[in-house]
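Input: a single structure, listed below in structure tokens.
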Amino acid sequence: MNENLSITDKSGPQGEHGGDDQLQLVTFEVAGEEFAVDILAVQEINRMMALTRVPQSPPEVEGVINLRGKIIPVLDLRKRFGLDASERTEHNRIVVVEVHGRVIGFIVDRVHEVLRIPSSIVEPAPQMVCSINSEFIAGVGKLEDRLLILLDLSRLFDARMVDETQTSSVAA
Amino acid sequence: MSAGGFDPQIIQDFLTECGELLEGLEGDLVSLESSPTDPDLLNQIFRALHTVKGSASFLALTNLVAIAHAAETALNAARTGRAVVDRPCMNMLLQTVDLLARQFQQLSAGEDLEAPDPALVEGLTAFGEGREAGAADTQTPAQAAAGTAPDGPLGARTTPIDLPADKMALVEFLAPDIRQTLDTINDSLVALANPDSRREAGEALAAASDDLVRSVDFFEFEPVTRLSTSLRDAASNIEDADEDAIAQIRPRLTALSLLLTLQADGIEQATLYDWPTDALIERLALVCAGKPLDEAHSLPADTDAEGALAFDGVLSGRPELADSPELKLADDASAEAAQGEDRGAKRPGAKQVIEQTIRVEVGRLESLMNLVGELVLQKNRVAALARRVGAAQKGDNDLCEQINASAEDLDRVTGDLQLAVMRTRMQPLDKIFGRYPRLIRDLADKTGKKINLKIVGGDTEVDKSVIEALGDPLVHLMRNSADHGLETPEQRGAAAKSPEGTIVLEASNQGSHVRILVRDDGRGLDRARIASKAVERGLATREEVDALPDRDVFRFIFEAGFSTVEQVSDLSGRGVGMDVVRTNIGKLNGSIDVSSTPGQGTTFTISIPLTVAIMQAMMVRVADEIYAIPLDNVVEILRPSDEMIYSIGDSPVLKTRGSVLPLISAFDAFEYPPERRTETPFVVILSVNERQIGLRVSELIGQQEIVIKPLEAVGRAGPLSGATVRDDGGVSLIIDASGLIRAAEGRKTPELQRAA
Chain A
1 MNENLSITDK SGPQGEHGGD DQLQLVTFEV AGEEFAVDIL AVQEINRMMA LTRVPQSPPE
61 VEGVINLRGK IIPVLDLRKR FGLDASERTE HNRIVVVEVH GRVIGFIVDR VHEVLRIPSS
121 IVEPAPQMVC SINSEFIAGV GKLEDRLLIL LDLSRLFDAR MVDETQTSSV AA
Chain B
1001 MSAGGFDPQI IQDFLTECGE LLEGLEGDLV SLESSPTDPD LLNQIFRALH TVKGSASFLA
1061 LTNLVAIAHA AETALNAART GRAVVDRPCM NMLLQTVDLL ARQFQQLSAG EDLEAPDPAL
1121 VEGLTAFGEG REAGAADTQT PAQAAAGTAP DGPLGARTTP IDLPADKMAL VEFLAPDIRQ
1181 TLDTINDSLV ALANPDSRRE AGEALAAASD DLVRSVDFFE FEPVTRLSTS LRDAASNIED
1241 ADEDAIAQIR PRLTALSLLL TLQADGIEQA TLYDWPTDAL IERLALVCAG KPLDEAHSLP
1301 ADTDAEGALA FDGVLSGRPE LADSPELKLA DDASAEAAQG EDRGAKRPGA KQVIEQTIRV
1361 EVGRLESLMN LVGELVLQKN RVAALARRVG AAQKGDNDLC EQINASAEDL DRVTGDLQLA
1421 VMRTRMQPLD KIFGRYPRLI RDLADKTGKK INLKIVGGDT EVDKSVIEAL GDPLVHLMRN
1481 SADHGLETPE QRGAAAKSPE GTIVLEASNQ GSHVRILVRD DGRGLDRARI ASKAVERGLA
1541 TREEVDALPD RDVFRFIFEA GFSTVEQVSD LSGRGVGMDV VRTNIGKLNG SIDVSSTPGQ
1601 GTTFTISIPL TVAIMQAMMV RVADEIYAIP LDNVVEILRP SDEMIYSIGD SPVLKTRGSV
1661 LPLISAFDAF EYPPERRTET PFVVILSVNE RQIGLRVSEL IGQQEIVIKP LEAVGRAGPL
1721 SGATVRDDGG VSLIIDASGL IRAAEGRKTP ELQRAA
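Structure (structure tokens):
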């Protein structure tokens, strides 16, 4: 189930995290676009597993899973981006990240690879780079043959959900 | 002065140890108020303060020592019967406890300790010295005149005290400290003469002289340490001494005490005295070790302390009898032998205090508890696997039985382990109840009411996390009772009640739950006022409210922002309280209810589980999902026939055993899309605080012990109190019965309310 090993293998023999000007990223695909997050934020990547739906939860929360005894929420990145849901395939993965001390999983269409890029090729996000809200984008990496969208995980998962946690605990 | 330079661990130890003393202190003080001359209580309080002061002076916490010392002075006067703790003095003592608590916090936060209010210190000291606060300090000139002689008293050699500044600042506390201890010592010495009180006197003497050694030790005043150590060593062996030995010991001990009194005077003048006390100390040690003295070294009968001083050569500089080198050597040898024997033979049998408790970091217990939680999950999985093996295996019955037996053992051991770990986290409710007498006292003062607080069942134990989370809600309930519930003495008089109101705080075990009652005998809740407030706030219509029974009307007080008191007081009544109380208790998976009789009082009933981590649950299937329902909330499970279910208005109800319950479908409660809904032939009847509701589900799976995991990371969620991992590794959500009932009541029609 856990694919961490195969991923770190791909990062090559020099294996450590890049120096000042190197970024080590996990890249994945959602709705035909290629995204990337810093590998340090990623705890593990799992195959799809049975999710337990949580009634009355925020719409993008697909459900919760048991991650070795810990219950963590899993979000559908498509829904978070405001896109239509798609059928699950065998390529779907749950990327587990830690954002501000909270462990969250998100579903991606498929995971590509672990990539090292020089930070110099990352540029601030243009206003309309793709179909998703530019506030979630930390920058755009211009590779030779394609564009890589670097996600800002703390914006993607934090502010709104934390607010909701607070209001819900008051209302509870 | 901050405690900079000390090992943080030492400071932490100080905070833990003295923090506990401080907690006890407050309760003891309030009890003292009702029995101000209780000697045990006075001694206990005095000792606690004394220990705090002693430890603080070791850490050079001058500001803390100063206030503790002043309070100790006041208490000492009370303890020795020179004064009786009156209300003003009690107020000062309580202020002292507050200040100490603040200083502890500051110390723990690494801040400088706040200096005590000079008026408070002066007030306490004046009380202790039996004078009016602010009256001229008449002692100092007299003392100054007394000790300026170039040569010390009784022919002592004098040495000026020379200490580093931080210790010097504390020296001024030492002399009064020594004198106080000596008071006790002298009393014991008198009692020692009487064979009947000898044992007790010996114990008191040993304890007091041990105190003395510890106070003195810090300053490293060799002559003082020598005297007090000798006193202590003698005292600790005195119990076994016979009449003859006592005749030798007592005058010498009294002599030591006399010398120490002089030392205390000297210390006030920044001077140490030194006398040739070797012979005295040696002979004392010999007798106490059970070795008879040579006749030449034995005191004549009826020698007093001064006689002993002269006899043992303290005054003249030479022992009274010939002091040949041989004799001295012999003495030394036997003394050493005696001491060696003492160490070898007596210590193990003597008062050896074996430590019965250890301190453990809470974090370690938490991780232990988490591990046990994991183990319970794994145990459940093993049990499930064993069942499957049993079902599948047709041939090898033996193997199958072994697996089952092993799974059963695992189940039993895990259960015991879980119980044992839970016990380590259990604490008596007294831990928080102990704070309330003070609270009630202050409330009585502020409101001008007479309040009697009765605490029952404070030894009931609950999980540490429960204790912590209960503190605030209980404070709020008691404030509420004191402020709104109880009437003024005049109003009570007019209602033919005793002028003193009573608040009862009562805890008791109810199986896996603890029930806590907060009951007052005040005016009771005002139904009409709550009802109109509820209508005003749009919580219900007038017709609805009028149809509700009293207890349902009273429950409105738990709604957010609901306060019927027009006058917002300093104590409570801001309308932010009761809903927070309910929320906090809900977080513990507990419940709260209220009942009230006009003119007779109000009772709040809180029910909380002993532990928040593990509980028994009924697992139910709803279409393709499995939910856990806390077993405590499950009253009954039934498969109703069609005629038991009918509708009132648009709402379905269940008629069973003569009562009519609102019936909700799990599909509605948990937002199932229409295409996923299937049959729901079963009804689980849930109950919270005697409010019942029927929940329709697809199937019953069975009872299981579940480990509760928080669901917070999800953000908002339905009427759920958490999640748990099933024995097949999947996740089930735990249904919050009270949330479900509230949600259902929100949808209720007036007809239904009547039906309920």
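Protein sequence lines, in the order shown, are assigned to chains A and B.
Counting with the working numbering, you get residues 1 to 172 for the letters of the first sequence.
Counting with the working numbering, you get residues 1001 to 1756 for the letters of the second sequence.
Quick reminder that beta carbons are idealized off the backbone N, C-alpha and C, glycines included.
Fair warning: this is a prediction, and the values are worked out from it, not measured in the lab.
Contained beta strand (DSSP E) runs [length at least 3] in the stretch 1392-1443 of chain B, N- to C-terminal order: 1426-1428
Chain B residues whose Cβ lies nearer than 9 Å to that of residue 69 of chain A: Within 9 Å Cβ-Cβ: 1370, 1373, 1374, 1377, 1707, 1709 and 1725.
Residue from B:1083, B:1100 and B:1044 whose Cα sits closest to the Cα of residue 1056 of chain B: B:1100
Per-residue burial, residue 1437 of chain B [other beta carbons within 10 Å of its own, 16 or more giving buried]: buried
Coil, strand or helix - residue 1637 of chain B by DSSP: strand
Where the stretch 82-114 of chain A meets chain B: residues whose CB sits under 9 Å from a CB there: 102, 103 and 104
Minimum length 4: unbroken alpha helix (DSSP H) runs contained in the stretch 1034-1119 of chain B: Taking 4 residues as the minimum length, the alpha helix (DSSP H) runs contained wholly in the stretch 1034-1119 of chain B are 1039-1058, 1062-1079 and 1087-1108, in order along the chain.
The stretch 1600-1609 of chain B touching the stretch 1506-1526 of chain B, judged by at least three CB pairs closer than 8 Å: yes
Cross-chain neighbours of residue 1518 of chain B in chain A, by beta carbon under 7 Å: Near residue 1518 of chain B there are no residues of chain A at all, since even the closest Cβ is about 23 Å away, more than 7 Å.
For residue 1284 of chain B and residue 1232 of chain B, believed in contact at Cβ under 8 Å, the rounded distance: The pair is not a contact, with the Cβ atoms about 11 Å apart (cut-off 8 Å).
Limits of the beta strand (DSSP E) - the one that residue 46 of chain A falls within: Element bounds for residue 46 of chain A: 42-47.
Contact check, residue 1706 of chain B vs residue 1734 of chain B, beta carbons under 9 Å: yes
Local Cβ density within 10 Å of residue 1630 of chain B, reported as buried at 16 or more and exposed below that: buried
Close-in-space but distant-in-sequence residues of the same chain around residue 51 of chain A (CB under 8 Å, 5 per side omitted): 62, 63, 64, 65 and 74
Which listed residue (B:1429, B:1440, B:1445 and B:1465) has its alpha carbon closest to that of residue 1456 of chain B: Checked all of B:1429, B:1440, B:1445 and B:1465; the closest Cα to residue 1456 of chain B is B:1429.
Buried or exposed by the 16-neighbour rule on C-beta atoms within 10 Å, applied to residue 1012 of chain B: exposed
Alpha-carbon spacing of residue 1029 of chain B relative to residue 1360 of chain B, whole angstroms: 29 Å
At least three beta-carbon pairs within less than 8 Å, the stretch 1688-1698 of chain B to the stretch 1656-1668 of chain B: yes
Below-9 Å beta-carbon distance, residue 1732 of chain B vs any chain A residue: With respect to chain A, the C-beta atom of residue 1732 of chain B has a partner C-beta closer than 9 Å.
From A:47, A:152 and A:26, residue whose alpha carbon lies closest to that of residue 39 of chain A: A:26
Heavy atom of the ligand HEM within 8 Å of residue 1254 of chain B beta-carbon: Only the bare structure without any ligand can be found here, which leaves the ligand HEM out of the picture.
Closer than 7 Å at the beta carbon, the chain A residues around residue 1617 of chain B: Near residue 1617 of chain B there are no residues of chain A at all, since even the closest Cβ is about 15 Å away, more than 7 Å.
Contact residues within the stretch 1526-1539 of chain B, judged by C-beta distance below 9 Å to chain A: none
Per DSSP, cross-strand counterpart(s) of residue 1476 of chain B: For residue 1476 of chain B, which the question treats as bridged, DSSP gives no partner whatsoever.
Near-chain A residues of the stretch 1587-1602 of chain B - C-beta to any C-beta below 7 Å: none
For residue 1178 of chain B, the three-state DSSP class (helix, strand or coil): Per DSSP, reduced to three states, the secondary structure at residue 1178 of chain B is helical.
Residue 51 of chain A (DSSP reduced to helix, strand or coil): DSSP, read as helix, strand or coil, puts residue 51 of chain A in coil.
Straight-line gap, residue 110 of chain A to residue 47 of chain A (C-alpha atoms, nearest Å): 10 Å
Residue burial classification, residue 1618 of chain B (beta-carbon count within 10 angstroms, cutoff 16): Residue 1618 of chain B is classed as buried because its beta carbon has at least 16 other beta carbons within 10 Å across all chains shown.
Nearest residue (CA-CA) to residue 1660 of chain B, options B:1391, B:1640, B:1162 and B:1265: B:1640
For residue 1360 of chain B, the three-state DSSP class (helix, strand or coil): coil
Amino acids of chain B, ordered along the chain, whose beta-carbon sits closer than 8 Å to that of residue 215 of chain A: What is shown of chain A runs 1 to 172, which leaves residue 215 of chain A out entirely.
Same chain, Cβ closer than 6 Å to residue 1305 of chain B, neighbours up to 5 away in sequence not counted: Excluding sequence neighbours, residue 1305 of chain B sits near 1251, 1254, 1255 and 1258.
N-terminal and C-terminal residue of the alpha helix (DSSP H) that residue 1757 of chain B is part of: In the structure displayed, chain B extends from 1001 to 1756; residue 1757 of chain B sits before or after that span and is not available.
Any C-beta of chain A under 9 Å from that of residue 1019 of chain B: The beta carbon of residue 1019 of chain B does not come within 9 Å of any beta carbon belonging to chain A, so the residue lies off that interface.
Burial state of residue 84 of chain A, where buried means 16 or more other Cβ atoms lie within 10 Å: exposed
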